[in-house]
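> Going by the working numbering, the first residue of the sequence shown is number 70, and it counts up by one from there.
Glycine included, each C-beta is placed from N, C-alpha and C at the ideal position.
Computed from a predicted structure; not experimentally measured.
Below you'll find the structure I mean.
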Amino acid sequence: MRRSLTRIGIAVAVFAVAAWVGFAAAAKLAPGHLRARIERELGDSLGAPVSLARVEIRLAQGLLIEARDGVAGPFPDGSTLRSPSARARVDLLSLLLGRLELRRLLLADASLALGGAGPEVMDLDYLSGQGVRICLQGHQPFMAAVRAVHETLKALRAGTPPAELAGLAPAELMKQVTRDQDYRRWMEDFLGGR
């Protein structure tokens, strides 16, 4: 029994070393092919095109792939993910079976450039069902606020008394957005009813 387990262990080790040697040889002999394969695997996982400037393979607590200057995207919403350095661990068992599966992906100094959601992804029921809680729908709310502030300041400069300004938020809305009830409760708690 022990001898059988030893033989199996040696066979697995030989296959793992052979796979690593083959993968390392492929990295030296055909780096473009390896980079393209990794880009394709990452692209399939992320759902967007991926490009890498350089790919290296190292043996450090398993098989480690290091990539430089990676860019993923654009995603359907226009977002782009960039990282000057990325590391991924390769699942050795899947590599022995002829598949390249990444176990863990670490991005160093990653940056995410957010894009606006186009009309094709603005189905709010679908997004909510996918767990999306924040969706950049454009800059129109900010632009409306800028216009409101501009019109108000323009009217004040023209001599309109503050009590006669048009388009002011009603008192109930102001209490809601300033959390008036919470504020009053906090003051009561802090000051002890004084």
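Quick check on this structure: which residue in Gly131, Val159, Ala117 has the alpha carbon closest to the alpha carbon of Gly147?
The residue you call residue 147 lines up with position 78 of the sequence shown. Comparing Cα positions, the closest option is Ala117.
> Since Ala157 is in the alpha helix (DSSP H), which residue starts that stretch and which ends it?
The residue labelled residue 157 in the question sits at position 88 within the sequence shown. Ala157 -> not in any alpha helix (DSSP H); beta strand (DSSP E) instead, spanning 149 to 159.
> Would you kindly work out how many angstroms separate the C-alpha atoms of Ile79 and Gln206, rounded to a whole number?
Numbered from its first residue, the sequence shown carries residue 79 at position 10. Numbered from its first residue, the sequence shown carries residue 206 at position 137. In a straight line, the C-alpha of Ile79 is about 58 Å away from that of Gln206.
> Between the Cα of Leu181 and the Cα atoms of Leu174, Val140, Ala157, which residue gives the shortest distance?
As a position in the sequence shown, residue 181 is number 112, starting the count at 1. Minimum Cα distance to Leu181 is reached at Val140.
> How about Gly131 and Leu174: are their beta carbons less than 8 Å apart?
Indexing the sequence shown from 1 puts residue 131 at position 62. Indexing the sequence shown from 1 puts residue 174 at position 105. No. Outside cutoff.
> For Leu222, report the span of its alpha helix (DSSP H) as first-last.
Translated into positions along the sequence shown, residue 222 becomes position 153. 209 to 226 is the extent of the alpha helix (DSSP H) around Leu222.
> Among all the DSSP beta bridges, which residues are the ones paired with Gly139?
As a working note, residue 139 is residue 70 in the sequence shown. DSSP lists Ser152 as partners of Gly139.
> Do Leu133 and Arg156 have their C-beta atoms closer together than 8 Å?
As a position in the sequence shown, residue 133 is number 64, starting the count at 1. As a position in the sequence shown, residue 156 is number 87, starting the count at 1. Going by C-beta atoms, Leu133 is nearer than 8 Å to Arg156.
> Measure the beta-carbon distance from Glu108 to Leu121 and round it to whole angstroms, keeping in mind my assumption that it falls under 8 Å.
Locating residue 108 in the sequence shown gives position 39, where the first residue counts as 1. Locating residue 121 in the sequence shown gives position 52, where the first residue counts as 1. Contact between Glu108 and Leu121 holds: their C-beta atoms lie close to 6 Å from each other, under 8 Å.
> Going by the DSSP bridge assignment, what does Ser120 pair with across the sheet?
Position 51 of the sequence shown, counted from the first residue, corresponds to residue 120. Val140, per the DSSP bridge assignment.
> Give me, in chain order, the residues of the same chain whose beta-carbon lies closer than 6 Å to that of Arg254; leave out the 5 immediate sequence neighbours on both sides.
Position 185 of the sequence shown, counting from 1, holds the residue named residue 254. The answer is none, since no qualifying residue turns up.
> Distance, Cα to Cα, Ala136 vs Val124?
Taking the first residue of the sequence shown as position 1, residue 136 is located at position 67. Taking the first residue of the sequence shown as position 1, residue 124 is located at position 55. One C-alpha to the other measures close to 4 Å.
> Can you give me the start and stop residues for the beta strand (DSSP E) that Arg173 sits inside?
Translated into positions along the sequence shown, residue 173 becomes position 104. First-last of the beta strand (DSSP E) with Arg173: 171 to 177.
> Does DSSP put Ala105 in a helix, a strand or coil?
Taking the first residue of the sequence shown as position 1, residue 105 is located at position 36. Correct three-state label for Ala105: helix.
> Tell me whether the beta-carbon of Ala179 lies closer than 8 Å to the beta-carbon of Leu150.
Indexing the sequence shown from 1 puts residue 179 at position 110. Indexing the sequence shown from 1 puts residue 150 at position 81. Contact flag set, yes.
> Can you name, in chain order, every residue of its own chain whose Cβ lies under 6 Å from the Cβ of Phe144, other than the five neighbours on each side?
Indexing the sequence shown from 1 puts residue 144 at position 75. Ala117.
> Where do the ends of the alpha helix (DSSP H) carrying Ala240 lie?
In the sequence shown, the residue the question calls residue 240 occupies position 171. Unbroken alpha helix (DSSP H) run through Ala240: 240 to 246.
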